[in-house]
Amino acid sequence: MSEELLSEVAASIFAATCTEQTLVAAEHDGWPAAAWKAVAEAGLPWISVPENSGGQGGSLADALTVLRVAGRHAVPLPLAETGILAGWLLAEAGLSVGEGPATVVPGYRTDDLKWNGSTLSGVVHRVPWARDAHRIVALVPDKDRWAVAVVAPDTVRVEPRRNLAGEPRDTVHLDGIAPVEFSALPDGIDRAAFELRGALTRVVLIAGAVERILEITLRYTGERKQFGRPIGRFQAVQEHLVHLAQQSASISVAADIAAREAARGDGRFEIWSAKTLADDAVRIASAAAHQAHGAMGATQEYSLNHWTRRLWSWTREYGTATRWAGDIGAEVLAGAPHQLWPLITDGGAEIASRGDGARSVGHRLEVAGEA
1 MSEELLSEVA
11 ASIFAATCTE
21 QTLVAAEHDG
31 WPAAAWKAVA
41 EAGLPWISVP
51 ENSGGQGGSL
61 ADALTVLRVA
71 GRHAVPLPLA
81 ETGILAGWLL
91 AEAGLSVGEG
101 PATVVPGYRT
111 DDLKWNGSTL
121 SGVVHRVPWA
131 RDAHRIVALV
141 PDKDRWAVAV
151 VAPDTVRVEP
161 RRNLAGEPRD
171 TVHLDGIAPV
181 EFSALPDGID
191 RAAFELRGAL
201 TRVVLIAGAV
211 ERILEITLRY
221 TGERKQFGRP
231 IGRFQAVQEH
241 LVHLAQQSAS
251 ISVAADIAAR
261 EAARGDGRFE
271 IWSAKTLADD
281 AVRIASAAAH
291 QAHGAMGATQ
301 EYSLNHWTRR
311 LWSWTREYGT
321 ATRWAGDIGA
331 EVLAGAPHQL
341 WPLITDGGAE
351 IASRGDGARS
361 VGHRLEVAGE
371 A
């Protein structure tokens, strides 16, 4: 299936199942079962998981295409977690993805997760949709390697929490829990690789959401009239529209490049750059959209908030701009002067040619604000 056709199919499903009423209900009443049923029947959550692991056998590029459309529709489901993150870890460890939604433990500095060789203990924070997941997947160090531990949700205590957008980001308490499955990961699949993949999912979601915000804002400023003409024709409002369009275009290109290079194998530089750019783009784009809308955009009843609140939440996940900009700077300093231009033009390919470079293996994600 072509990227265009896949995008159209996903958009059709999301448009039918993730309405304004669905978004409001998911935030206040809980799990949108009908929406999950529709996307699961289409196989969208597992599209990039190999068939021998229980998935659809598609590519990472396919999954990111679907995820970008999901960002455009503010889909209140753990699509990134179920397939691109948990499904990937499980498949790499030789395990099956199983049925139903899954989630992953992001691994924040405030977490206190301990593996003693047979059980897991501690507290982990901001776990997406832990209350609704059929499986909770954790990446744990096991001697000199990394491994995947699968925890049954009914064996842990889940403390319901939400992010600014109302999406579940739960605190999970584990007290000597034996995983239902445990398997070592191959070399190269470690915390650094997981964090990069997580950051990529947020970049793609952000790109889709900013595209939708631009559509909403253009429509509103074209329909809303003041002094006998659409407010979008006033220079002050046009300035906000230009800033919004600029940020949408820049993050769209950055997301495309990061997704392409990640699918090729080593996209770390492109993902670092895209997440850094995305976090800055969110600040500018959301401010421009709300300025163009005026008071209307700040109301709970108007739909704009479903996207801007998600943007503000997603920038805090899988590394902030400060974190990834630091990695970019470290990589620049690790190379010789003549390697700077190849780094800018070739990115991940240039880093791969150097070896691991300044890649930071195993350090945990920072938390901005409340965990």
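For the sequence shown, full-length UniProt numbering assigns the number 1 to the initial residue and increments by one for each residue that follows.
Each residue gets a CB set at the ideal place from its N, CA and C atoms; glycine is no exception.
| Asked | Found |
| --- | --- |
| In DSSP terms, what GLU181 is bridged to | VAL150 |
| Residue from ASP256, VAL237, HIS306 and VAL148 with nearest C-alpha to GLN21 | HIS306 |
| Cutoff 8 Å; reference GLN226; Cβ partners in own chain excluding five residues on either side | PHE234 |
| Element boundaries [beta strand (DSSP E), containing ARG135] | 135 to 142 |
| Span separating the alpha-carbon of GLU239 from that of LEU311 | 21 Å |
| Nearest to THR82 (by Cα), restricted to the options VAL104, ARG157, GLY176 and SER7 | VAL104 |
| The stretch 44 to 53 in contact with the stretch 107 to 116 per 3-pair CB rule at 8 Å | no |
| Own chain partners of THR65 with C-beta closer than 7 Å, once the 5 adjacent residues on each side are dropped | GLU3, LEU6 and SER7 |
| C-beta contact flag for VAL151 and LEU185 at 8 Å | no |
| Burial state of GLU301, where buried means 16 or more other Cβ atoms lie within 10 Å | exposed |
| Given ILE251 as reference, the closest of GLU223, ALA263, LEU200 and GLY294 once Cα atoms are compared | LEU200 |
| Sequence-distant residues of its chain with Cβ nearer than 6 Å to PRO78 (five each side left out) | PRO101, THR103, PRO128 and TRP129 |
| Span separating the alpha-carbon of GLY208 from that of VAL282 | 12 Å |
| Start-to-end residues for the alpha helix (DSSP H) that takes in TRP307 | 304 to 314 |
| HIS293 versus TYR220: straight-line alpha-carbon distance, rounded | 7 Å |
| Cβ-based burial, SER118 [other Cβ within 10 Å; buried from 16] | exposed |
| Whole-angstrom C-beta distance between ILE206 and ALA263, which should lie under 8 Å | About 18 Å; that fails the 8 Å criterion. |
| Contact the stretch 122 to 141 vs the stretch 158 to 166: 3+ CB pairs below 8 Å | yes |
| Proximal residues to LEU340 (C-beta, below 7 Å), its chain only, five neighbours per side dropped | VAL332 |
| Close-in-space but distant-in-sequence residues of the same chain around GLU317 (CB under 6 Å, 5 per side omitted) | ARG202 |
| Reference GLY267; option with closest CA among PHE194, ILE284 and GLY335 | PHE194 |
| Whole-Å CB distance - GLY326 paired with PHE269, under 8 Å assumed | In fact, because the Cβ distance is near 13 Å, the residues do not count as touching under 8 Å. |
| Rounded separation between ILE257 and GLY176 - CA only | 43 Å |
| Proximity of ILE231 and ALA289 at Cβ, strictly below 8 Å | no |
| Unbroken alpha helix (DSSP H) run spanning LEU85, endpoints | Run containing LEU85: none; DSSP gives neither H nor E here. |
| Length at least 4, wholly inside the stretch 50 to 126: the alpha helix (DSSP H) runs in chain order | 60 to 72 and 88 to 92 |
| Selection from ALA61, LEU67 and PRO168 that minimises the alpha carbon distance to ASP29 | PRO168 |
| Where ILE271 falls, given that 16 or more other Cβ within 10 Å makes a residue buried | buried |
| ASP132 and TRP31 closer than 8 Å at C-beta | yes |
| ALA33 Cβ short of 7 Å to the ligand GDP heavy atom set | Looking at this structure, you won't find the ligand GDP or any other ligand, since it has none at all. |
| Contacts around LEU60, its chain only, beta-carbon distance under 6 Å, and the 5 residues preceding and following it disregarded | SER48 and ALA263 |
| CA nearest to the CA of GLY265, picked from ARG197, ARG162, GLY43 and ARG68 | ARG197 |
| Buried or exposed (CB count within 10 angstroms, at least 16 for buried), HIS338 | exposed |
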